[in-house]
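Below is one structure; the comments refer to it alone.
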Amino acid sequence: MTEEDAWSIVKRARDTNRPFTLDYIGIVFSEFFELHGDHLFGDDPAIVGGIASLDGRIVAVVGHQKGRTTQERLARRFGMARPEGYRKALRIMRQAEKFGFPVITFIDTPGADPSIEAEERGQAWAIAENLADMVELRVPIVAVVIGEGGSGGALAIGVADRLLMLENATYSVVSPEGCASILWNDAALAPQAAVAMKITAKDVKEAGIADGIVPEPAGGAHHDYAQTGAAVHDALVAALDEIDTSYGRDTDLDVAALLEARYQKYRRVGVVIEDPIANR
Amino acid sequence: MIQNIFHRHRQAPDDLWVQCGGCRELIYRGEFQNNLQTCPKCGHHARLSANERIAMLADEGTWTEEDAGLLPSDPLGFISLDQRYADKLTETQNKTGLGEAMLTGSATIEAQPARLAVCDFSFFGASMGSVMGEKIARAAERSSEDHRALVMITSSGGARMHEGIYSLMQMAKTSAALAQMGKARVACISVLTDPTTGGVTASFASLGDVILAEPGALIGFAGPRVIEQTTKQKLPPGAQRPEFLLKHGMIDAIVHRRELRATLAKLLRIYGAAVSGPSAKRRRGASMARRTNGRASEKSPSNERSKERRSREP
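Residue numbers (our numbering), protein chains in the order written: chain V, 726 to 1005; chain A, 1324 to 1637.
Set out below in structure tokens:
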């Protein structure tokens, strides 16, 4: 992939006219009721969540939320969550587990919020707890990267049985700017980093991390909300159907089998060389 | 002239003297070593290599390295400044004498059996790639079997960018493996040393049942420079340091290096008793031997762990 191609996808993934989590919630689901707060510290506007109906099936929905106007963007902190955001997400997922609702997450963040407040309240602790708890959550989880999948702040709501990515979404270990400034001391080399890190939906699917790609209308998701929403709706229903077929649903769900498959999905990820002689 | 000589002497201490990285005072090398590479004047803890750390903690002759044959590869064909990651790895391996940024193995500490996982900051800033993730996962699986508590001595600059999305996913992998180990009632003790940041802090490092920190260590998710650049605010003194973390409820204790061995031995005695209940025998797993290629599989499970999970259903 050329630098221009990769960078145009990064720009599309970040386009403020792209549908955000609440837009998808409005199109894909009905009967959404938003839940607020982590019951510990506060309510983080960078993450939204609640309970909704997907074609009559009750699900829990959690996602990063960005803003469109300058004021909204600041208020939503550009979708960069703080510990109370991740803890709100976990609280909603725990509730879903209690009632047997599948969990749907929408990933759209440049990364976790880098601030003294976030550090004080245990940003790393909150993310790690979500990772460890999501691996063991006893209901199906489907995650969709709708825009930017930025590092640990994305993964903190991204451990799932099925990971989908929109065609123009990205998922990376660090932002291209971050990579370029750390390795090359020059954030302007971000397009080069975007190619090197292989962050597009196609790359991430080829790496075996994403399970499916959701097609976007010509020109990108923001050109047709209804069409994009319908594609996301269908992909979510198909992913849940697949899980139902493999593991059963509701009271018939084989939780042990589902969790074992989820564990193995993450247990296997990575590429190493093994030298049997050195292992002895 | 005199000043110059004096200055030169302080800048280039000979073999007998070491300059403290904290207060910049000159310390007699023997005293510095006897003090476990901490400053007798200001208490500053110098960074240790993984081998120095193991030598300091493990009872003599008890260390057995595990998974030494796990080595990094270059799955993305990553190129930085005209240098292939694969070549940079070889160069770093030759320079450091290490295969990767983490050593794992078994040992005893004051006669208490343990498994150690120790980061080495000199290898790519102890960034987490596939090998560190796999080593933690295997260590956790071995400990689930032989019930040795896992002591993790962490330091890290974060994720290994050169391995892209694979390195990010190691956060989920290590967190999953430690959660499994917890079900076998095996304890995990984290010792956070300078510096522990990024994806390592936000995964296995902060998942210890007990979390200790060395005095003065920088510990956090975002690095201080990133925070200052993003928020345009100067961090208050002591932010992201152990006292700050203790005050905000993130760690259990700050332990001087001099006390670390005894503290770990005590914790191993206490938590070692936790697994004396009905033995949770677990499979070491097909995945142990499997060379991973990052592909998720939807194979239906049919092993002991699933049975065990089922047996725990209410």
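For glycine and all other residues, C-beta sits at the position ideal for the given N, C-alpha and C.
The model shown is predicted, which means the values in this text are computed figures rather than measured ones.
In this structure, A:R1352 is the residue among A:G1543, A:R1352, A:S1403 with its C-alpha nearest to the C-alpha of W1340 (chain A). According to the DSSP assignment, F1567 (chain A) belongs to the alpha helix (DSSP H) that extends over 1565-1570. A check of alpha carbon separations from L908 (chain V) across A:T1553, A:F1447, A:F1544 identifies A:F1447 as the nearest.
Taking the Cα of A868 (chain V) as reference, the smallest distance to any Cα among V:F803, V:A946, V:F831, V:A777 is reached at V:F831. Residues F745, T746, L747, P770, A771, I772, V773, R801, G804, D833 of the same chain have their beta carbon placed closer than 8 Å to that of Q790 (chain V), with the five preceding and five following residues left out of the count. Residues of chain V with a Cβ closer than 9 Å to the Cβ of Y1594 (chain A) do not exist; the shortest Cβ-Cβ separation is about 18 Å. Contact annotation: A960 (chain V) and L889 (chain V) have beta-carbon atoms nearer than 8 Å. A:V1441 is the residue among A:I1534, A:V1441, A:L1535, A:D1469 whose C-alpha sits nearest the C-alpha of L1421 (chain A). Here N910 (chain V) is exposed, its C-beta having fewer than 16 other C-beta atoms within 10 Å.
Contiguous beta strand (DSSP E) elements confined to the stretch 1444-1500 of chain A occur at 1472-1479, taking only those with 3 or more residues. By the neighbour-count criterion, in which a residue is buried when 16 or more other Cβ atoms sit within 10 angstroms of its Cβ, C1362 (chain A) is buried. No Cβ of chain A is located within less than 8 Å of the beta carbon of D977 (chain V). Neighbours of A853 (chain V) in chain A, taken as residues whose beta carbon is under 7 Å from its own, are S1498, A1525, S1526, S1529, L1530 in chain order.
By the C-beta criterion, the stretch 970-990 of chain V is judged not to be in contact with the stretch 1383-1391 of chain A, since fewer than 3 inter-stretch pairs fall below 8 Å. Excluding five sequence positions before and after I866 (chain V), the CB atoms of its chain that fall closer than 6 Å to its own CB belong to V828, A885, D886, given in chain order. Note on G788 (chain V): 16 or more other CB atoms within 10 angstroms of its CB, so buried under the neighbour-count rule. Taking G877 (chain V) as reference, the option from V:I750, V:S897, V:A926 with the minimal CA-CA separation is V:S897. Among the residues facing chain A, W732 (chain V) is not included, as its CB has no counterpart in that chain under 8 Å away. Annotation: the continuous beta strand (DSSP E) that includes C1442 (chain A) extends over 1435-1442.
Only A986, R987, Y988, Q989, K990, Y991, R992, R993, V994, G995, V996, V997, I998, E999, D1000, P1001 from the stretch 986-1001 of chain V bring a Cβ to less than 9 Å from some Cβ of chain A. Here V994 (chain V) is actually not in contact with V753 (chain V); their C-beta atoms are around 28 Å apart, not less than 8 Å. No Cβ of chain V is located within less than 8 Å of the beta carbon of E1537 (chain A). Under the three-state reduction of DSSP, C1511 (chain A) is assigned to strand. Not a single CB atom of chain A sits nearer than 8 Å to the CB of E756 (chain V). In the displayed model, Q848 (chain V) falls within a helix according to three-state DSSP.
Under the DSSP assignment, L1349 (chain A) falls in the beta strand (DSSP E) whose first and last residues are 1349-1351. With respect to V1549 (chain A), P839 (chain V) sits close: the two C-beta atoms are nearer than 8 Å. Looking at the DSSP output, Q1552 (chain A) sits in no beta bridge, so it has no partner there.
Exclusion of the five residues before and after Q952 (chain V) leaves P942 as the residues of its chain whose Cβ lies within less than 7 Å of its Cβ. Going by beta carbons, L1380 (chain A) and R1584 (chain A) fall inside the 8 Å limit. Take the alpha-carbon of L1590 (chain A) and the one of K1557 (chain A): they are about 38 Å apart.
Distance between L891 (chain V) and A879 (chain V), taken at the CA atoms: about 15 Å. Of all alpha-carbon atoms in V:A738, V:R819, V:M726, the one lying nearest the alpha-carbon of V870 (chain V) is that of V:A738.
With the rule of 3 Cβ pairs closer than 8 Å, the stretch 932-941 of chain V does not count as touching the stretch 837-852 of chain V. Within the stretch 1421-1439 of chain A, those residues whose Cβ lies closer than 8 Å to any Cβ of chain V are, in chain order, G1422. A:S1403 is the residue among A:E1414, A:A1562, A:S1403 whose C-alpha sits nearest the C-alpha of S906 (chain V).
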